[in-house]
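Line by line, the protein sequences are chains X and H. Residues 1 to 254 (my numbering) make up the first sequence, in order. Residues 1001 to 1254 (my numbering) make up the second sequence, in order. Note that the Cβ used here is the ideal one computed from N, Cα and C, for glycine as well. Below you'll find the structure, written out as structure tokens, and then a few comments.
Number of protein chains: 2
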Amino acid sequence: MTVKKILSPANEFLKKAAKLKQKKYRDEFGLFVTEGERSCREAAESGFVVDCIVMTERFFESHEGEFAGFNRIVTTNKLFMTLCDTKTPQGVLAVVKVPEERELTGNRYIYCDGIQDPGNAGTMIRSADAFGFSGVIFSAGSVDVFSPKVIRASMGSVFHIELKTLAGAEFLEQAKQGGYFITASALHGKSVDIHNMTVLKKQIFVIGNEGNGVSKEILKQSDEIVHIPMSGAAESLNAGVAASILMFEVSKHE
Amino acid sequence: MTVKKILSPANEFLKKAAKLKQKKYRDEFGLFVTEGERSCREAAESGFVVDCIVMTERFFESHEGEFAGFNRIVTTNKLFMTLCDTKTPQGVLAVVKVPEERELTGNRYIYCDGIQDPGNAGTMIRSADAFGFSGVIFSAGSVDVFSPKVIRASMGSVFHIELKTLAGAEFLEQAKQGGYFITASALHGKSVDIHNMTVLKKQIFVIGNEGNGVSKEILKQSDEIVHIPMSGAAESLNAGVAASILMFEVSKHE
């Protein structure tokens, strides 16, 4: 594998990589960026295709031979910063291929119905990974899973579990036909306390948008609606927290 | 109560209010800002002292008589924006007095040992409110609880529960002497699965810093160390999620 030194701000590859902060270019190039040593290592060890590892001269010198199995690009700190979303980067990032969409092969999934906050999306991916879920599915109206903030909040877990994006209205219907039981999380006249919820082998748990909750259409499609019992004054929980508590509770049924 | 129209960018009060985005000035003036209609109403109905409600001309005209029990300041959209931390504000915010520190009077608390992320801090306050906890205590090294992002992430819950800031090293020792059982959340050789944890009437649950976890000193002081069982590949959970799952589990012991 090659090591290439790039010191010119006019370099086409660096200009392209800097654009990956925007969804438009992630879609166009089919690439995304993950920052930091730990996350690069997760990417390197995952099934994802790493296009290259970009590092500062300082990182390259102090981490001799690291990521030697990959094409490496070494650049100045200033040029490196143009690729970063974080303010105090560690001097290393990976440019990774957006994976192809595949059929679901696992048993338990979270379905995000219009989740907007990248922190919440990343937290759900991290918790799904922690509680043995197969993956997280994002509806067409949700935040882009390959945005720098989602990747960062997932703490490397994007590289561990199945991810599906842009799921349309027909997705859950097909999943039902494929044998998945659909459980929506919502406070609702007919909702069941999560302590009494149905837990089956193949199941998809729907978490709603931060402001509006699960959409009416999906509530209608759902096999069961569940809620998390609350004893205090807050009206609702943060979406990432609600999803995580649900997964924690489900993980008891092994 | 008065309604005062301010149209000059040179106005001293607006200049002061704009500074409240910075901790330094929140400390100096003993004031903080909460944005949005819902949060202003929470502040108005709470035990907090509302200094004044600031609104745009447009909000004032379309919400006749709202917040009539408070001193209201009506200003232009442009000047209003100088006070806001959010990019698309609703046209109303409250300037609120930072409450005086009081002795703890409740039974169950979360203690944040160096929590840095404002979203995590706000989420913990929201979940504490949801699960009937008395309050949240922040160590001296934690994020400022009255920062705009914490207030926002708490979704109004800062106005519902007890908050204590700048708790020093001696705080937990005194709490122990006051009869509180101290439980720390950490993966540790001696840690107990949270399904088997001790739950008592007076108890403080410690959540550690996002990167480093609970400090050694506090682990030593703790009566029990607990962990959340995880079956997947993620090494840890988001701090706000871990605290929320802990509170959810504790709330079952009523």
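- Shown here, residue 98 of chain X sits in coil according to DSSP, grouped into three states, outside any helix or strand.
- Below the 7 Å Cβ cutoff, chain H contributes 1230, 1232, 1234 and 1237 as neighbours of residue 130 of chain X, in chain order.
- Sequence-distant partners of residue 1253 of chain H (beyond 5 residues in either direction) whose C-beta falls short of 7 Å from its own C-beta, in its chain, are 1199.
- Residue environment: residue 1120 of chain H is assigned as buried (16 or more neighbouring CB atoms within 10 Å of its CB, all protein chains considered).
- DSSP, read as helix, strand or coil, puts residue 1194 of chain H in helix.
- Annotation for residue 46 of chain X: 159 and 160 place their beta carbon closer than 8 Å to its own, counting only its chain and skipping 5 residues before and after.
- Within the model, the alpha-carbon separation for residue 1112 of chain H versus residue 1212 of chain H is close to 12 Å.
- Counted as a single uninterrupted DSSP element, the beta strand (DSSP E) harbouring residue 55 of chain X occupies residues 50 to 56.
- C-alpha of residue 89 of chain X to C-alpha of residue 56 of chain X: approximately 10 Å in a straight line.
- At the C-beta level, residue 104 of chain X and residue 17 of chain X stay beyond 8 Å of one another.
- Residue-level contact check: residue 1199 of chain H does not touch chain X, since none of the beta carbons of chain X fall below 8 Å from its beta carbon.
- Taken in chain order, the unbroken stretches of beta strand (DSSP E) that lie wholly in the region 87 to 147 of chain X and span 3 residues or more are 92 to 97, 108 to 113 and 135 to 139.
- Apart from the 5 residues on each side of it in sequence, residue 1080 of chain H sits with its Cβ closer than 6 Å to the Cβ of 1056 in its chain, given in chain order.
- Of H:1025, H:1248 and H:1021, the smallest CA-CA separation from residue 1150 of chain H is found for H:1021.
- Listed along the chain, the chain H residues whose CB falls inside 7 Å of the CB of residue 245 of chain X are 1244, 1245 and 1248.
- For residue 1123 of chain H, a Cβ of chain X is located within less than 8 Å of the residue's own Cβ.
- Counting along the chain, residue 6 of chain X sits inside no alpha helix (DSSP H); it lies in the beta strand (DSSP E) bounded by residues 3 to 6.
- Listed along the chain, the chain X residues whose CB falls inside 8 Å of the CB of residue 1119 of chain H are 119.
- The contact set of residue 155 of chain X on chain H, defined by CB atoms closer than 9 Å, consists of 1234, 1235, 1236 and 1238 in chain order.
- Contact of residue 1046 of chain H with chain X is not assigned, every C-beta pair being separated by 8 Å or more.
- In the same chain as residue 1137 of chain H, and ignoring 5 residues on each side of it, the C-beta atoms closer than 6 Å to its own belong to 1109, 1111, 1164 and 1167, in chain order.
- Comparing C-alpha distances from residue 3 of chain X to each of X:67, X:195 and X:215 shows the shortest one belongs to X:67.
- Bounds of the beta strand (DSSP E) holding residue 1164 of chain H are 1162 to 1167.
- In the DSSP assignment, residue 1070 of chain H falls outside any beta strand (DSSP E), carrying neither H nor E.
- The three-state secondary structure of residue 200 of chain X, taken from DSSP, is coil.
- In this structure, residue 132 of chain X sits near residue 1232 of chain H, with a CB-CB distance shorter than 8 Å.
- Assigned with DSSP and collapsed to three states, residue 1184 of chain H falls in strand.
- Counting only Cβ-Cβ distances below 8 Å, residue 1160 of chain H has contacts in chain X at 232, 233 and 234, in chain order.
- Within chain H, the residues 1229, 1230, 1231 and 1232 have their CB atoms less than 9 Å from the CB of residue 251 of chain X, given in chain order.
- Put simply, the CB of residue 3 of chain X is far from chain H, with every gap to its CB atoms at 8 Å or more.
- At least 8 Å separates the CB of residue 152 of chain X from every CB of chain H.
- Residue 31 of chain X carries a strand assignment under DSSP once its states are collapsed to helix, strand and coil.
- Here residue 150 of chain X is not bridged, per DSSP, to any residue.
- Identification of chain X residues near residue 1126 of chain H by a Cβ-Cβ cut-off of 9 Å yields 234, 236, 237, 238 and 241, ordered along the chain.
- Judged by DSSP in its simplified three-state form, residue 1036 of chain H adopts coil rather than helix or strand.
- Between residue 144 of chain X and residue 23 of chain X, the C-beta gap is smaller than 8 Å, which places the two residues in contact.
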